[in-house]
Every structure is written in C-alpha cells, then in structure tokens.
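In our numbering, the protein residues as written are 3 to 282. First up is the structure itself, then whatever we jot down about it.
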Amino acid sequence: MFVRLGSFVYKARWAVISFWVVLIIVAGIFAPKATEILKAGGFNLPNAESIKVVDELVTKFGSARNFVYAVFTAPDGTRADDPAYAKQVDTAVSGLRGANNVTQVVTFASSGAKDFVSENGKYTYALIGVDLNIDEAQQKVGEIESKIKPGNLDMKLTGLPVIYEAVSSVSQHDVEKAELFTFPIALIILLLVFRTVVAATMPLMMALVSVLLTLGAVYFIGQAMDVSIFVLNICTILGLGLGIDYALFIVGRFREELYKQKGDAEGAVRVTISTAGKAV
Numbered sequence: 003m004f005v006r007l008g009s010f011v012y013k014a015r016w017a018v019i020s021f022w023v024v025l026i027i028v029a030g031i032f033a034p035k036a037t038e039i040l041k042a043g044g045f046n047l048p049n050a051e052s053i054k055v056v057d058e059l060v061t062k063f064g065s066a067r068n069f070v071y072a073v074f075t076a077p078d079g080t081r082a083d084d085p086a087y088a089k090q091v092d093t094a095v096s097g098l099r100g101a102n103n104v105t106q107v108v109t110f111a112s113s114g115a116k117d118f119v120s121e122n123g124k125y126t127y128a129l130i131g132v133d134l135n136i137d138e139a140q141q142k143v144g145e146i147e148s149k150i151k152p153g154n155l156d157m158k159l160t161g162l163p164v165i166y167e168a169v170s171s172v173s174q175h176d177v178e179k180a181e182l183f184t185f186p187i188a189l190i191i192l193l194l195v196f197r198t199v200v201a202a203t204m205p206l207m208m209a210l211v212s213v214l215l216t217l218g219a220v221y222f223i224g225q226a227m228d229v230s231i232f233v234l235n236i237c238t239i240l241g242l243g244l245g246i247d248y249a250l251f252i253v254g255r256f257r258e259e260l261y262k263q264k265g266d267a268e269g270a271v272r273v274t275i276s277t278a279g280k281a282v
C-alpha cells in the first residue's frame, strides 16, 4: 500500500502540491482566529453545585455573575480605612458605576464594611460585579481597568476574570517566545546535518505547516466545543517537535535512496514512503 502511495504521490505530485497549497491557504485564514475561541477556563463543571448556587444568586437575588477586585495598598504611615484615603479609593473606581455590564461597585467608603480592610490596615479593595459569564468577563478586563483612575494610588486587579486573562496572555507569549528561539536553533542544526538549504528548511516548513493546519482545525472544533487556551502550547510543542522529527526521517531516507538509486526520484520516493513513511 505504501509503495503504491509513493508512486501516486510522485506521479500526481503537482496535484498533491496544489491540494496542500490550497489547504495551507485556507488554514492560514482561520488559524489566526483560533485564539478568539480558545478558553482559559474549564475548571468548573456546568452541573456542579457551586455553579448552581451562583445561578440561584443571580436569578433570585440579583447578584453579579463574576467579580473583579481592585486591590489598593495604602502608603506607609496611612491606614486603608482612613477616611481621606478611602475616599480616594472610591473616587478611583467611580468611573465604573453605570458602565456597561457592571452591576455593582462597592468600596469601604461606600459600604463602611470592615471586611473591605485588612486586619493590619494596609490593604483595601473595591468589589466590581459584572453580569457576564467568565469568558465574557475575561474579555472585559481591559475595559474595566481603563475606567479605573488610581492616580498615584498603588493598585492591582485580581479575580477569576483577571487570572484567566493573564493565563491567556502568558500562554500566547510563551508560544511566541518558543517559536522565536526554536526555529533559528533548529535551522542551524539542520544546516549542519544536511549541508544544503533546501533539505534543512524542509523539516521546518513541515513543522510550520503542521502548526498552521492544527490551529485552523482548532478554530472549527472550537465552534462546537470548548477548547483550552493551552492547546496553543500543545500545538507548538507537538508541531515543532514531531513535525521536524518526522520530516527528518523522510528527508534523510529520501536523500539516501536518491543516492543509492542514482538520481531516480520516483524510486527514491517509493522506498522512502514504504519505509520511513510507514514508520511515521
């Protein structure tokens, strides 16, 4: 079967190349959009009792579905429950009151609740409730932060939407960093092994194509089911690792067979596909 496959690929090489070019172009259109449908969540079960409790609180008591917390650190010599400082904190987040999807903004100054101040008086926070699910709230983090005007106050955001947004950003950054270092190093090693540019770049091209096609497929899979943001890391790891590794099998065996068969490309392709190709 693999011998016949090798003969077919060689004889119909231009049709096969054209098919792959079209496939790569289509994948190239949708692969960049894959990050839009990937989710940083996946830690909660839809039917879990905790989720049902949240639903009950939202429908029966008007609670927010998710919360973002703006944590403020009082400067040395000032307590977070000092009226003047508490007023500054309340003013800093006042721009969120009445904002789209923001259902409540509560601070120590607006509530007087001591739970908003740490025991040592160093920290306080503003509770920002949003009527969005976790994925929608995650997309809203940047907008929420832009409406907070802390001035010279020391402030940091936290809460599940903020954490999920950070996970997404870090995941994408790690993928870009991995690609930045991996490709130059791999190219140098391949050039040393094959000593020709064409043979050295083939495994890298295969790795790129595999990542591109996988992310293109992920975009469509993500329309039907939730897909974790960590699929970016997995695609890169497997795409680069296996793509380069398996392409090395093929290229190495093809060059060997081409030499043995004195330049007979079709024969070399047949043997390559029936041996290294079968192993792959």
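Ideal Cβ positions, reconstructed from N, Cα and C, are used throughout, including at glycine.
Q. Where does Ile190 fall in DSSP's three states?
A. helix
Q: Starting from Ala14, follow the beta strand (DSSP E) in both directions and report where the run begins and ends.
A: Counting along the chain, Ala14 falls outside any beta strand (DSSP E), and DSSP gives it neither H nor E.
**Q.** For Asp156, the three-state DSSP class (helix, strand or coil)
**A.** strand
Q. Assuming Ile136 and Leu98 make a contact with CB atoms under 8 Å, what is their CB distance in whole Å?
A. Actually they do not touch by this definition, with Cβ atoms about 19 Å apart.
Q) From what residue to what residue does the beta strand (DSSP E) around Ala128 run? A) Its beta strand (DSSP E) spans residues 125-132.
Q.
Assess contact between the stretch 179-191 and the stretch 98-107, defined as three or more Cβ pairs (one per stretch) separated by less than 8 Å. Is contact present?
A. no
Q. Contact between the stretch 210-223 and the stretch 30-42: three or more CB pairs below 8 Å?
A. yes
(Q) In whole angstroms, give me the CA-to-CA distance for Ala241 and Val213. (A) Looking at the sequence provided, one finds Gly at residue 241 rather than Ala. Approximately 5 Å, taken between the alpha carbons.
Q: Helix, strand or coil for Val108, going by three-state DSSP, please let me know.
A: strand
**Q.** Residue from Thr216, Val273, Ser113 whose Cα sits closest to the Cα of Pro85
**A.** Ser113
Q. Who are the near neighbours of Gln90 in its chain, counting only those whose CB is closer than 8 Å to its CB and skipping five residues on each side?
A. Residues of the same chain with a CB within less than 8 Å of the CB of Gln90, apart from the 5 flanking positions on each side, are Gly153, Leu155 in chain order.
Q: Count the C-beta pairs between the stretch 245-253 and the stretch 61-74 that are closer than 8 Å, then say yes if the count reaches three, no if not.
A: no
Q | DSSP beta-bridge partners of Ser230 | A | Lys41
Q | Residue range of the unbroken beta strand (DSSP E) whose run includes Thr198 | A | Thr198 -> no beta strand (DSSP E), and no H or E assigned at all.
Q: Tell me, please, whether the stretch 7-17 touches the stretch 191-198 by the rule of three or more beta-carbon pairs shorter than 8 Å.
A: no
(Q) Could you compute how far the alpha carbon of Val70 sits from the alpha carbon of Thr216? (A) 34 Å
Q) How big is the Cα-Cα spacing for Lys158 and Ala72? A) 6 Å
Q. Around the Cβ of Ala267, are there at least 16 other Cβ atoms within 10 angstroms (buried) or fewer (exposed)?
A. exposed
Q. Cα separation between Lys151 and Ala128?
A. 13 Å
Q: On the DSSP bridge assignment, give the partners of Asn122 in chain order.
A: According to DSSP, Asn122 bridges with nothing at all.
Q) Just how far apart, CA to CA, sit Asn122 and Thr75? A) 11 Å
Q: Using beta-carbon positions only, say whether Pro163 and Lys142 come within less than 8 Å of one another.
A: With respect to Lys142, Pro163 sits close: the two C-beta atoms are nearer than 8 Å.
(Q) Using 8 Å as the threshold, is the C-beta distance between Thr126 and Ala82 below it? (A) Going by C-beta atoms, Thr126 is nearer than 8 Å to Ala82.
Q. So is Thr80 buried or exposed if we call it buried at 16+ other beta carbons inside 10 Å?
A. exposed
**Q.** beta strand (DSSP E) segment containing Thr277, residue limits
**A.** Neither: Thr277 is in no beta strand (DSSP E) and is coded neither H nor E.
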